[in-house]
Amino acid sequence: IITESSDTVTLINSTLSGNLGYRGGAIWIRTAQVQLTNVTVANNSGTLAGGIFNESGTITLKNTIIANNSPGGDCSGSIASTGHNLDSDGTCSLGATGDISSQLPLLGPLQNNGGPTFTHALLEGSPAIDAADDANCPSADQRGIPRPQEAGCDIGAFER
């Protein structure tokens, strides 16, 4: 995804995986406003950031996984968090309530886990399980499975 000047982009319950980009493998923000809610950004490659490259825009993460992106790490540039995100390598500089940094999310491969689109399942023992902000999670995941399934909502696009 490449954003331009006055764009506003909102992604909810989406998976961005296996992409290759010049600056950000999954997302390159020039001067736009981007909001990610319960999104999984994993296994992307980019020159300056494997996951998200924020040139001079605004990006806000909520209940989102940014993981296993390379080279250049998960994030480059300023990233805002409203909490309950997971960044596998610490490059997103998360510090809000419930944020998890420098931990692997234990994701399964990108595959058909039910529903209309491929997702990364959360594997047993994932720190993302039941770790999202229940007050701000969508009523269903990317596949249409109701949230929460257990004690609380899961971080990312997949509800275990």
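Last residue of the sequence shown? That's 144 in this note's numbering, and every number before it is there in order.
Quick reminder that beta carbons are idealized off the backbone N, C-alpha and C, glycines included.
Quick caveat: nothing in here was measured; it's all calculated off a predicted structure.
| Query | Result |
| --- | --- |
| Are the Cβ atoms of alanine 33 and serine -2 separated by less than 8 Å? | no |
| I believe glutamate 143 touches isoleucine 129 by the beta-carbon criterion, under 8 Å. Please report the beta-carbon distance rounded to the nearest angstrom. | 5 Å |
| Pick out whichever of Arg127, Cys121, Leu91, Trp12 has its Cα sitting closest to the Cα of proline 111. | Leu91 |
| Would you mind working out which of Ile49, Ile(-4), Ile139, Thr(-8) sits nearest isoleucine 113, comparing C-alpha positions? | Ile139 |
| As an exercise, report each continuous beta strand (DSSP E) stretch of at least 3 residues that is fully enclosed by the region 53 to 105, in chain order. | 91 to 95 |
| Measuring straight from C-alpha to C-alpha, what distance separates threonine 103 and serine -11? | 30 Å |
| Consult DSSP for asparagine -3 and reduce its assignment to one of helix, strand or coil. | coil |
| For isoleucine 49 versus valine 25, is the C-beta spacing smaller than 8 Å? | yes |
| What do you get for aspartate 118, buried or exposed, if any count of 16 or more other CB atoms within 10 angstroms of its CB means buried? | exposed |
| Quick one, are the C-beta atoms of asparagine 136 and alanine 116 less than 8 Å apart? | The question names asparagine, yet the displayed sequence has glycine at residue 136. Against a cut-off of 8 Å, the Cβ pair of alanine 116 and glycine 136 comes out as a contact. |
| What residue range is occupied by the uninterrupted beta strand (DSSP E) comprising leucine 45? | 42 to 46 |
| On the DSSP letters alone, give me the boundaries of the beta strand (DSSP E) that leucine 20 sits inside. | 17 to 21 |
| Between the alpha carbons of glycine 99 and glycine 74, how many angstroms are there, rounded? | 31 Å |
| State the start and end residues of the unbroken beta strand (DSSP E) segment that holds threonine 24. | 24 to 26 |
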